[in-house]
Amino acid sequence: MESSSKEIIRNFFSPVALPSAEEDWFFSLWEERTFKQNALITEAGQMERFFYIILEGVQVIYLLNQKGDKVVLGFSYSGSPSGVFDSFLYQKPSDTFLEALRPSRALALSRDNYLALFKTNPDFHQWGHSFFREILFGRLFREVELLTLSARERYISFMQRCPDDLKVIPQKYLASYLNMKPETFSRLRRSVSY
Amino acid sequence: MAKLLLTPENQIQRLNQLLDNFSSLQKLPPEILRFKPHPKSWNVLEVLEHLSICYNQYEEKIITALKASTDTNTGSWEYQPGFWIRFVIEGQRPKGQHRPFKLKTLKKFEPHMVLEPDTKAVQNVMERFRNNYLALKRNIKDSRSKIMDHPRFASAIGSVVSFRLPESFELLRCHAERHMIHRAGIIASQD
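Protein sequences, first through last, are from chains A and B. Numbering of the first sequence is given in the numbering used here, commencing with residue 1 and proceeding in unit increments. Numbering of the second sequence is given in the numbering used here, commencing with residue 195 and proceeding in unit increments.
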């Protein structure tokens, strides 16, 4: 594994301090996977097999509503986690698609290896607590924004915190994430500065 | 008739459900799969064989159309069939847990199986179905990077109905879902 990839994993699991012998074992659990642009990484109806950390690229997670339209739930990009966590943890078919919007490179950890981490070193429980707390509060923050802000306010708030990676993906995905029509997103992009 | 917007993701999701449904059949004993509610009706194996025959009628046409379609990098297609094709597809699509109406099977789609297929024959039918519908899913996935600009191809019932790829995928999927309800009825009739 490249030293830059090791650094990304170390940062991601930062509260966990592993002795060097254990660290070699830890790095050996990960495999690098690449995905072409528009590849379906996980399909709705299939089981998620991996927990990913993204090295490069952008992915979108979405589900299909009753009309068959894509409803975007979130994105992942360099340095962020990716995967369909509920399917991965509960071993149930995924309700969502995970798709590479840009050619992507990711480090993948299988479920068995993921579970082995918690058995091997109690520090991973602390990491797990922080990780899922961040996800929960992130989702709550998003819910509050969706329920309380106008389309214009949602656009400004998102664009101010949006990583550069996401600014180049097709607008329809960003519009869906912000719960607005692509036309509205396009109009705001033309008329609003942030 | 309402608008019908086809997308590969929707077709993939439904096919995964169909294949999951099929996995439960693989756990059933051969006696259940061979059971006919009436001497003239099909058993589960004949239903699966019929679905394989239908897919095989389209397989080559689908592959040819995939080769004839232009590659793109702009994301997956969305396709809206015209009135006539919508009518044909809706005739196959199950309404909830019911088949809309019974359709007469043309001779060329009829499964020809021995009365008491042995374990090997049962396995072959199961494997053929699984491979065919996994191939259909693969074809749908391959089509995602293409523009649907290939010439129309004649359906399995002749050129009175001709398809573009999304329409043929949808017909095969709806037809298979229809027969999954059929096969559930056959199994339920044994209880």
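We put the beta carbon where it would ideally sit given N, CA and C, even for glycine. Computed from a prediction, not measured in an experiment: that's the story for all the values here.
**Prompt:** Exposed or buried, which one is Q207 of chain B when buried takes at least 16 other CB atoms within 10 Å?
**Reply:** buried
**Message:** List, in chain order, every chain A residue whose beta-carbon is nearer than 8 Å to that of S339 of chain B.
**Reply:** N38
**Prompt:** How is the beta strand (DSSP E) around Y52 of chain A delimited, first residue to last?
**Reply:** F50 to E56
**Message:** Nearer than 7 Å: is that true of the beta carbon of S362 of chain B relative to any heavy atom of the ligand ZN?
**Reply:** Questions concerning the ligand ZN fall outside what the structure shown contains, since it holds no ligand whatsoever.
**Message:** In whole angstroms, give me the CA-to-CA distance for K301 of chain B and F281 of chain B.
**Reply:** 23 Å
**Asked** For the region 204-286 of chain B, which segments carrying the alpha helix (DSSP H) assignment without a break, of at least 4 residues, lie completely within its bounds, in sequence order?
**Response** 224-228, 238-262 and 277-286
**Message:** Could you check whether N237 of chain B and R228 of chain B sit closer than 8 Å to each other, using their CB atoms as the reference points?
**Reply:** yes
**Request:** Please classify Y77 of chain A: does DSSP put it in a helix, a strand, or coil?
**Result:** coil
**Asked** Measuring CA to CA, which of B:D265, B:Q317, B:Q384 and B:W278 is closest to L198 of chain B?
**Response** B:W278
**Asked** Exposed or buried, D343 of chain B, counting other C-beta atoms within 10 Å across all chains shown (16 or more means buried)?
**Response** exposed
**Prompt:** For V71 of chain A, which beta-bridge partners are listed by DSSP?
**Reply:** A:L63
**Message:** For the region 10-43 of chain A, list every residue whose C-beta sits within 8 Å of some C-beta in chain B, in sequence order.
**Reply:** Q37, N38, L40 and E43
**Request:** Would you kindly check if the distance between the Cβ of S80 of chain A and the Cβ of I54 of chain A is under 8 Å?
**Result:** yes
**Asked** Are the region 28-41 of chain A and the region 106-124 of chain A in contact at 8 Å, needing three or more beta carbon pairs?
**Response** yes
**Asked** Roughly how many whole angstroms lie between the Cα atoms of N326 of chain B and Y249 of chain B?
**Response** 7 Å
**Message:** Alpha carbons only, please: which of B:S383, B:A378 and B:R358 is nearest the one belonging to G276 of chain B?
**Reply:** B:R358
**Asked** Can you name, in chain order, every residue of its own chain whose Cβ lies under 7 Å from the Cβ of K6 of chain A, other than the five neighbours on each side?
**Response** F27
**Request:** Kindly indicate if chain B contains any beta-carbon less than 8 Å away from that of P170 of chain A.
**Result:** yes
**Request:** Please list, in chain order, all residues of the same chain as H369 of chain B whose beta carbon is under 8 Å from its beta carbon, the five residues on each side excluded.
**Result:** L245, C248 and Q286
**Request:** Taking the CB atoms as reference points, tell me whether T266 of chain B and K340 of chain B lie closer together than 8 Å.
**Result:** yes
**Asked** Would you call H373 of chain B buried or exposed, if buried means 16 or more other Cβ atoms sit within 10 Å of its Cβ?
**Response** buried
**Asked** Hey, quick one: how far does the alpha helix (DSSP H) through S110 of chain A stretch, first residue to last?
**Response** Careful: S110 of chain A lies outside any alpha helix (DSSP H), inside the beta strand (DSSP E) at S104 to S110.
**Prompt:** Can a CB atom of chain A be found closer than 8 Å to the CB of Q211 of chain B?
**Reply:** yes
**Cβ distance (whole Å) where H292 of chain B is taken to contact I226 of chain B below 8 Å** = Their Cβ separation, rounded to whole angstroms, is 22 Å, which puts H292 of chain B and I226 of chain B out of contact at 8 Å.
**Prompt:** First and last residue of the alpha helix (DSSP H) that includes V355 of chain B?
**Reply:** From DSSP, V355 of chain B is part of no alpha helix (DSSP H) but of the beta strand (DSSP E) over G352 to F357.
**Request:** Could you please give the first and the last residue of the uninterrupted alpha helix (DSSP H) stretch that includes F347 of chain B?
**Result:** Careful: F347 of chain B lies outside any alpha helix (DSSP H), inside the beta strand (DSSP E) at F347 to S349.
**Request:** Please list the residues of the region 244-276 of chain B that have a C-beta atom closer than 7 Å to any C-beta atom in chain A, keeping them in chain order.
**Result:** N267, G269 and S270
**Asked** beta strand (DSSP E) containing R33 of chain A: first to last residue?
**Response** E31 to F35
**Request:** Find the nearest neighbour of L89 of chain A within the set A:N113, A:V168, A:E23 and A:C162, judged by alpha-carbon distance.
**Result:** A:N113
**Prompt:** Using the C-alpha atoms, what's the distance from S14 of chain A back to Y177 of chain A?
**Reply:** 29 Å
**Asked** Given that L64 of chain A touches chain B, what residues does it touch there, using C-beta distances under 9 Å?
**Response** T201, E203, N204 and Q207
**Request:** Say whether chain A places a C-beta atom closer than 8 Å to the C-beta of D343 of chain B.
**Result:** no
**Request:** Quick one: give me the first and last residue of the beta strand (DSSP E) that I41 of chain A is part of.
**Result:** L40 to T42
**Request:** Can you tell me which of the three DSSP states E99 of chain A falls into?
**Result:** strand
**Item:** Boundaries of the alpha helix (DSSP H) in which E7 of chain A is found, first to last residue
**Value:** S3 to F12
**Message:** Tell me which residues share the same chain as E48 of chain A and place their Cβ nearer than 6 Å to its Cβ, disregarding the 5 neighbours each side in the sequence.
**Reply:** T42, G83, V84, S87, F88 and S94
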